[in-house]
Each structure stands twice: as C-alpha cells, then as structure tokens.
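Please read the structure below before turning to the comments.
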Amino acid sequence: MDDWKHDHLGNQIIILSNQVKHYLHQAAEVEGISGSQSRILHYISEFSKKTEVYQKDVEEFFYLRRSTVTQTLQAMEKNGLIRRSSVARDARLKKLELTEAGQALEAQIHTRVMQMEQRLRESLTEEEITQFLSITDKLGAELTNLGAPEIKQACK
1 MDDWKHDHLG
11 NQIIILSNQV
21 KHYLHQAAEV
31 EGISGSQSRI
41 LHYISEFSKK
51 TEVYQKDVEE
61 FFYLRRSTVT
71 QTLQAMEKNG
81 LIRRSSVARD
91 ARLKKLELTE
101 AGQALEAQIH
111 TRVMQMEQRL
121 RESLTEEEIT
131 QFLSITDKLG
141 AELTNLGAPE
151 IKQACK
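Every letter in the sequence shown is one number past the one before it in full-length UniProt numbering, and letter 121, counting from 1, is 121.
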C-alpha cells in the first residue's frame with residue numbers, strides 16, 4: 001500500500017498538506033478557536049503592520065467566499081478577538097483590527113506553529129530544505145500553467 005502512495009505525487013502532497021493542516025487546527029482548537037480563525041488572526045496581525053486590512057483582503061488572500069468570511073469575522077468579533085472600525089474616507093468600509101485578546105491569542109498560537117516549523121526544519125538538512133522549496137515552487141508553477149482549461153480540453 002505504501003508503494004501506491006509514493007507512486008502518486010499529487011496524493012502524497014495532499015496527505016502531507018492534510019497532516020500540516022491537522023496540526024494547525026489542533027493548535028488553534030486548544031485555544032478555543034477554529035483553524036480558519038487562527039489563520040485570519042495571523043493574517044490581520046501581519047498585514048496590519050503594513051497597511052489597513054479589510055474583509056475583502058481576507059476574502060482574496062484565502063480565496064474564500066464573502067459569506068464565509070463574514071460569518072467567521074462575526075464570530076471572532078463576538079468573541080472579542082477583532083474589532084471593525086469605520087474608515088473616515090468611506091463609512092461602508094470597516095477596518096479589521098485585533099483586540100488585545102486577539103493579539104495575545106495569535107501570539108500563543110503562532111508560538112506553537114513556529115515550534116512545529118522548527119521541528120520540521122530540524123528533520124531536514126539545509127540542502128533538503130532548499131531542494132524541497134525548489135521542488136514545491138516548480139510543481140506549483142506547473143499546476144498554475146496546467147490550469148482548468150487543459151482538464152476541460154482532455155475531457156472532450
């Protein structure tokens with residue numbers, strides 16, 4: 001059975017991705033929030049250092065539907081993790097900001113994530129890390145080039 005798993009690159013990538021996601025979800029759930037909320041907290045934390053962050057930014061960055069982001073942000077606001085502030089130039093826009101509780105929670109979860117990252121890096125040599133990043137970049141570019149039109153064309 002292991003041979004089959006290693007004979008299919010896409011399957012192996014999905015399995016590895018799921019393992020990382022599972023760990024990240026557990027790290028967030030220990031703190032009482034979902035993995036999605038954790039990722040959004042981190043996004044707001046990082047990008048608000050450089051620019052104002054709005055719901056549309058979150059939607060575009062994570063490729064999520066507006067309704068999904070709205071629901072997630074409402075839960076985060078209700079739980080005191082974020083606040084939405086009006087913007088003087090456009091009253092319809094609401095800037096997303098972390099509350100003190102949101103900042104503290106993001107820092108705790110980020111620490112766990114960095115511990116995982118460190119463990120993963122320690123299991124590889126610098127050469128293996130460089131190769132891995134090069135390979136994932138190459139495969140990502142190939143998948144971007146492949147795209148849906150080729151799939152549709154092949155099905156004709």
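Ideal placement from N, C-alpha and C gives every residue a C-beta, glycine not left out.
Bear in mind the structure is a predicted one, so any value in this text is a computation, not a measurement.
Once DSSP output is grouped into helix, strand and coil, what is the label at residue i?
i	result
E126	helix
L81	coil
S34	coil
R92	strand
E52	coil
L98	strand
Residue j and residue i - do their beta-carbons sit closer together than 8 Å?
i	j	result
L16	S38	no
I82	E97	yes
S85	K95	yes
I40	M76	yes
S45	Q118	no
Is it buried or exposed, residue i, if we count other Cβ atoms within 10 angstroms and call 16 or more buried?
i	result
V87	exposed
L146	exposed
T72	buried
A27	buried
V30	exposed
V53	buried
I33	buried
For residue i, I'd like the list of residues in its chain whose CB is within less than 7 Å of its CB, leaving aside the five on either flank, ordered along the chain.
i	result
A101	G80 and L81
V113	L24 and A27
T125	none
I129	R121
T99	G80, L81, I82 and R83
L93	Y54 and V87
Please return the same chain residues whose Cβ sits closer than 8 Å to the Cβ of residue i, not counting the five positions on each side in sequence.
i	result
Y63	none
N18	none
L9	L139
D90	none
Note down, in chain order, each residue of its chain lying with its Cβ closer than 6 Å to the Cβ of residue i, except the 5 sequence neighbours on either side.
i	result
G35	L24, H25 and A28
V69	Q55, V58 and E59
S48	none
M116	Y23
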